[in-house]
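Numbering (mature numbering (1 follows the signal peptide of the UniProt record, and there is no 0)), first residue to last: -22 to -1, 1 to 147.
Even for Gly, the Cβ is constructed at its ideal location relative to N, Cα and C.
Structure record follows, encoded as structure tokens.
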Amino acid sequence: MKKIILCAAVAVFGFLSVSAQGQFKVGANIGLPVGDFSDFYSLSAGLDVAYLVDVSDQFKVGAATGFMNVFGEDLETTFGEFTVTAEAEDAQFVPLAAAARFMASDNFYVGADLGYAIAVDSEGEGGLYYRPRVGYNFTEMIGVNLSYTGISNDGNSLNSVGLGVELSF
């Protein structure tokens, strides 16, 4: 599965490199972990880079990557008179994904990124990366988005809900 996703990402990047009409997007986001791992992580922050080409007036496809850090949190457990504190390490990922955006109006869009997130930290594991999103472009260059990010591996999933800002070039 990893090889298929990696080959698809390479194919998308290759297709985009020969396309003449595209748009670069760079952004930053911050989010709150949700679900099973929300007890272990307090906050997520990331940087995003995407390149999208127009398939039609309303539909864009491309490739996305970036960097995501999920900040570990200290956990305390008490056993009678004893208190044990454990620190969850930060988790870091570099996603490689295909991206799609549907422009519902001149300013409002819905979209998704789908690919594989490579774990950067020494103890982490990568997994299937998915990120549905909705966004609003204030101008041709500045927009905001709300997204749900998930990284799944062997039944475990690290999820967050985030808010981001995006600049287009």
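By the 10 Å Cβ neighbour count, where 16 or more other Cβ atoms means buried, how is residue i classified, buried or exposed?
{"i": "Leu30", "result": "buried"}
{"i": "Leu145", "result": "exposed"}
{"i": "Phe147", "result": "exposed"}
{"i": "Ala42", "result": "buried"}
{"i": "Asp91", "result": "buried"}
{"i": "Leu141", "result": "exposed"}
Please list, in chain order, all residues of the same chain as residue i whose beta carbon is under 6 Å from its beta carbon, the five residues on each side excluded.
{"i": "Val33", "result": "Val39"}
{"i": "Leu25", "result": "Ala6, Gly44 and Phe45"}
{"i": "Gly128", "result": "Tyr108, Ser135 and Asn137"}
Give the straight-line distance between the Cα atoms of residue i and residue j, rounded to the nearest whole angstrom.
{"i": "Thr69", "j": "Phe15", "result": "The sequence given here places Ala at residue 69; Thr does not occur at that position. For Ala69 and Phe15, the distance between alpha carbons rounds to 11 Å."}
{"i": "Gly9", "j": "Val72", "result": "16 Å"}
{"i": "Ser135", "j": "Gly105", "result": "9 Å"}
{"i": "Tyr19", "j": "Pro11", "result": "6 Å"}
{"i": "Gly(-1)", "j": "Ala28", "result": "10 Å"}
Note down, in chain order, each residue of its chain lying with its Cβ closer than 8 Å to the Cβ of residue i, except the 5 sequence neighbours on either side.
{"i": "Met119", "result": "Leu145, Ser146 and Phe147"}
{"i": "Ala23", "result": "Ala6, Asn7, Ile8, Gly9, Met46, Asn47 and Phe49"}
{"i": "Glu67", "result": "Gly50, Asp99 and Glu101"}
{"i": "Asp52", "result": "Thr63, Ala64, Glu65 and Ala66"}
Counting only the same chain and skipping the five closest in sequence on each side, list residues whose C-beta sits under 7 Å from that of residue i.
{"i": "Met81", "result": "Gln36 and Tyr87"}
{"i": "Val139", "result": "Gly9, Leu10, Val12 and Tyr126"}
{"i": "Ser(-4)", "result": "Confidence in Ser(-4) is poor, its pLDDT being 48 and thus under 50, which makes the residue's placement too unreliable to answer from."}
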